[in-house]
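For the record, the sequence lines run as chains X and P.
So the first sequence is numbered by this note's numbering: it starts at 1 and just counts up by one.
So the second sequence is numbered by this note's numbering: it starts at 1 and just counts up by one.
Beta carbons are placed, not taken as given, at the ideal position from N, Cα and C, and that holds for glycine.
All values derive from a computational prediction rather than experimental measurement.
Number of protein chains: 2
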Amino acid sequence: MTSPDPEMTPEPDSKARLRLWLKLLKVTRSVEADLREALRTEFASTLPRFDVMSALSRHAEGLKMSELSGLLKVSNGNVTGIVERLVEDGIALREAVPGDRRASRVRLTRKGAEEFARQASEHEHWVNELLGALEAEEATAMILQLDRIIREEAQ
Amino acid sequence: MTSPDPEMTPEPDSKARLRLWLKLLKVTRSVEADLREALRTEFASTLPRFDVMSALSRHAEGLKMSELSGLLKVSNGNVTGIVERLVEDGIALREAVPGDRRASRVRLTRKGAEEFARQASEHEHWVNELLGALEAEEATAMILQLDRIIREEAQ
DNA sequence: GCGAATTATTTCAAGCATAAACCTTTAAGC
DNA sequence: GCTTAAAGGTTTATGCTTGAAATAATTCGC
């Protein structure tokens with residue numbers, strides 16, 4: 001009989017989690033690459049632009065730059081550049097916030113809202129195909145597990 | 001009784017998959033941000049550098065640039081810059097490929113291999129903590145599901 | 001052999017991303 | 001009021017990333 005030696009196999013669990021992490025990375029990057037490619041060829045756009053438009057579309061009243069960067073979990077200066085280009089393209093606009101000359105509020109133009117509606121519809125189709133290997137029940141179950149990871153981190 | 005009308009709820013499944021995709025993105029970015037921060041403060045390094053070093057460490061005989069970009073699923077030109085900096089820092093080196101003056105083979109220096117060993121060990125600890133909410137069995141089960149997504153895409 | 005495709009890689013322009021430094025405006029203390 | 005701190009954003013330096021174009025070496029077809 002082999003005697004049980006806890007020192008010989010230090011952390012089998014950590015290896016499983018590491019493999020999961022590598023797989024998560026692989027899947028996410030792969031799907032992201034496909035979506036990026038689709039956005040580029042179909043709409044001559046990018047994922048970061050889509051993300052910003054998506055956030056703005058959920059807030060018709062507009063968002064402050066800091067709210068935007070907070071929602072998207074990206075740095076402040078990052079949003080500056082993306083919004084800058086969206087404004088140049090007539091997708092978004094900035095308006096002054098009454099009573100606070102530091103801030104400005106960003107929102108979609110009519111054109112931007114229409115454009116996002118078209119893109120979001122296609123986007124959902126793409127995702128549905130890319131994740132088609134999973135049934136809705138599996139997807140929902142996985143969401144719950146992933147939520148536990150996020151919640152643990154947030155502490 | 002409400003009559004079952006398949007036209008009223010066009011694609012409930014696609015919504016579930018879309019939510020899963022958004023959650024995957026959120027978890028991955030969140031963990032990535034933590035790892036990036038840890039690499040930065042602990043080792044004054046970055047994730048792309050770690051990824052390249054990781055690939056090189058699994059191939060002591062060295063990798064051609066195209067093999068490297070293929071493994072990491074990133075563009076060709078991307079790898080050029082990262083390897084360039086690794087070479088400058090004495091982490092990696094390039095050697096000529098006999099019989100093919102176009103290609104070069106990249107591999108870790110002794111210093112690079114030692115440095116990676118240290119980083120990889122810490123990296124595994126970090127991941128183990130970040131994904132600690134999941135048991136090893138859950139992790140393994142999730143890997144199988146994620147694999148199905150990749151396999152479907154590869155077609 | 002010789003020209004044409006293919007392969008391996010770099011260079012380039014543009015955009016994305018971060019952290020840190022900075023500037024301006026607003027709010028709070030006193 | 002005046003000072004100081006905090007909040008909202010931009011700018012800057014650096015690095016990552018892509019896709020496309022350019023360069024160079026190799027291989028293929030004949």
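Open item on the list: Could you check whether the Cβ of LEU146(P) sits closer than 8 Å to any Cβ belonging to chain X?
Closed with: Here residue 146(P) refers to the residue found at position 146 of the second sequence. Yes, LEU146(P) counts as interfacial toward chain X.
Task: Cβ of ASN78(X) within 8 Å of any chain P Cβ - done: Residue mapping note: residue 78(X) aligns to position 78 of the first sequence, counting from 1. Not an interface residue.
Open item on the list: Let me check one thing: in DSSP terms, what residues is VAL97(X) bridge-paired to?
Closed with: In the first sequence, residue 97(X) corresponds to position 97, counting from 1. ASP100(X), per the DSSP bridge assignment.
Task: Pairwise C-alpha distance: LEU71(P) and ALA120(P) - done: Sequence index remark: in the second sequence, residue 120(P) carries index 120 (1-based). Sequence index remark: in the second sequence, residue 71(P) carries index 71 (1-based). In a straight line, the C-alpha of ALA120(P) is about 18 Å away from that of LEU71(P).
- [ ] Go to ARG58(P), then tell me how far its alpha helix (DSSP H) extends in each direction, as first and last residue.
- [x] In the second sequence, counting from the first residue as 1, residue 58(P) sits at position 58. Taken as a continuous stretch (DSSP letters only), ARG58(P) belongs to no alpha helix (DSSP H), as it is neither H nor E.
- [ ] Can you say whether ALA55(P) is buried or exposed, counting buried as having 16 or more other CB atoms within 10 angstroms of its CB?
- [x] By one-based count along the second sequence, residue 55(P) stands at place 55. Counting Cβ neighbours within 10 Å, ALA55(P) comes out buried, since at least 16 surround it.
- [ ] Check whether the Cβ of LYS111(P) lies closer than 8 Å to any Cβ atom in chain X.
- [x] Reading the second sequence from its first residue, position 111 is the one you call residue 111(P). Not one chain X Cβ lies under 8 Å of LYS111(P).
Task: Element boundaries [alpha helix (DSSP H), containing LYS73(X)] - done: What you label residue 73(X) is simply residue 73 of the first sequence in a count that begins at 1. Counting along the chain, LYS73(X) falls outside any alpha helix (DSSP H), and DSSP gives it neither H nor E.
TODO: Could you check the C-alpha separation between ALA136(X) and ARG49(P) for me, to the nearest Å?
DONE: As a first step, residue 136(X) must be located in the first sequence, where it is residue number 136. As a first step, residue 49(P) must be located in the second sequence, where it is residue number 49. Each residue's alpha carbon lies about 37 Å from the other.
TODO: Return yes when the Cβ of ILE82(P) is within less than 8 Å of the Cβ of GLY112(P), no when it is not.
DONE: As a working note, residue 112(P) is residue 112 in the second sequence. As a working note, residue 82(P) is residue 82 in the second sequence. Cβ atoms of GLY112(P) and ILE82(P): not closer than 8 Å.
Task: Segment contact, 8 Å Cβ cut-off, at least three pairs: the segment 15-27 of chain X with the segment 20-40 of chain P - done: yes
Task: Burial state of SER156(X), where buried means 16 or more other Cβ atoms lie within 10 Å - done: The requested residue 156(X) does not occur in the structure, where chain X is confined to residues 1 to 155.
Task: Contacts that PRO12(X) makes with chain P (C-beta to C-beta distance below 7 Å) - done: For this step, residue 12(X) is matched to residue 12 along the first sequence. Here the neighbours are ALA136.
TODO: Kindly list, in the order they appear in chain X, the residues whose Cβ is closer than 7 Å to that of GLY99(P).
DONE: Residue mapping note: residue 99(P) aligns to position 99 of the second sequence, counting from 1. Those within 7 Å of GLY99(P) in chain X number zero; the least Cβ separation is about 33 Å.
- [ ] May I have the straight-line CA-CA distance separating MET1(P) from ASP51(P), to the nearest angstrom?
- [x] Along the second sequence, read from residue 1 onward, the residue named residue 1(P) stands at position 1. Along the second sequence, read from residue 1 onward, the residue named residue 51(P) stands at position 51. Because MET1(P) sits at a pLDDT of 49, beneath the cut-off of 50, its placement in the model cannot be relied upon, and the following sentence gives the value as read from the coordinates. When rounded, the distance between both Cα atoms is 58 Å.
Open item on the list: Quick check on the DSSP output: the alpha helix (DSSP H) that includes SER14(P) runs from which residue to which?
Closed with: Locating residue 14(P) in the second sequence gives position 14, where the first residue counts as 1. SER14(P) -> alpha helix (DSSP H) spans 12-43.
Open item on the list: Please identify the residue among ARG17(X), PRO12(X), LEU39(X) whose C-alpha is closest to the C-alpha of TRP192(X).
Closed with: Past the boundaries of the shown model lies residue 192(X); chain X is included only from 1 to 155, so the question cannot be answered.
Task: Cα-Cα separation between GLU122(X) and LEU35(X), rounded to whole angstroms - done: Along the first sequence, one-based indexing puts residue 122(X) at 122. Along the first sequence, one-based indexing puts residue 35(X) at 35. Going from the Cα of GLU122(X) to the Cα of LEU35(X) covers about 10 Å.
Open item on the list: Residues of chain P with CB closer than 8 Å to the CB of GLY132(X), please, in chain order.
Closed with: The count along the first sequence starts at 1 and reaches residue 132(X) at position 132. Chain P residues near GLY132(X): ARG17, GLU152.
- [ ] Please classify ALA139(X): does DSSP put it in a helix, a strand, or coil?
- [x] As a working note, residue 139(X) is residue 139 in the first sequence. The answer is helix: DSSP assigns ALA139(X) an H, G or I state.
- [ ] Could you give the DSSP three-state label for MET1(X): helix, strand or coil?
- [x] The sequence position of residue 1(X) within the first sequence is 1, counting from 1. Since pLDDT at MET1(X) reaches only 49, below the 50 mark, its modelled position is unreliable, and the value read off the structure follows with that caveat. Of the three classes helix, strand and coil, the one that applies to MET1(X) here is coil, per DSSP.
Open item on the list: Using a 10 Å radius around the Cβ and a threshold of 16 neighbouring Cβ atoms, would you call ARG101(X) buried or exposed?
Closed with: Here residue 101(X) refers to the residue found at position 101 of the first sequence. Exposed.
TODO: Go to ALA113(X), then tell me how far its alpha helix (DSSP H) extends in each direction, as first and last residue.
DONE: As a position in the first sequence, residue 113(X) is number 113, starting the count at 1. Counting along the chain, the alpha helix (DSSP H) containing ALA113(X) begins and ends at 110-130.
Open item on the list: Please report the distance separating the alpha-carbon of SER75(X) from that of ALA33(P).
Closed with: One-based indexing of the first sequence puts residue 75(X) at position 75. One-based indexing of the second sequence puts residue 33(P) at position 33. When rounded, the distance between both Cα atoms is 11 Å.
- [ ] Give every residue of the same chain whose Cβ lies closer than 8 Å to the Cβ of LEU68(X), excluding the five residues on either side of it in the sequence, and list them in chain order.
- [x] Position 68 of the first sequence, counted from the start, is the residue given in the question as residue 68(X). Correct list, in chain order: VAL52, ALA55, LEU56, VAL79, VAL83, VAL106.
Open item on the list: Just to confirm, is the Cβ distance from GLY62(P) to GLU95(P) under 8 Å?
Closed with: Here residue 62(P) corresponds to residue number 62 of the second sequence, with the count starting at 1. Here residue 95(P) corresponds to residue number 95 of the second sequence, with the count starting at 1. Yes, the pair counts as a contact, with Cβ atoms nearer than the cut-off.
Task: Near-chain P residues of the segment 25-43 of chain X (beta-carbon distance less than 8 Å), N- to C-terminal order - done: So the list reads LEU25, LYS26, VAL27, THR28, ARG29, SER30, VAL31, GLU32, ALA33, ASP34, given in the order they occur along the chain.
Open item on the list: Quick check on the burial criterion: 16 or more other C-beta atoms within 10 angstroms. Buried or exposed for ARG151(P)?
Closed with: Here residue 151(P) is taken as the residue at index 151 of the second sequence, counted from 1. Exposed, because fewer than 16 other Cβ atoms sit within 10 Å of the Cβ of ARG151(P).
Open item on the list: List, in chain order, every chain P residue whose beta-carbon is nearer than 7 Å to that of THR46(X).
Closed with: To locate residue 46(X), count along the first sequence from 1; it is residue 46. Result: empty, since nearest Cβ-Cβ is about 15 Å, beyond 7 Å.
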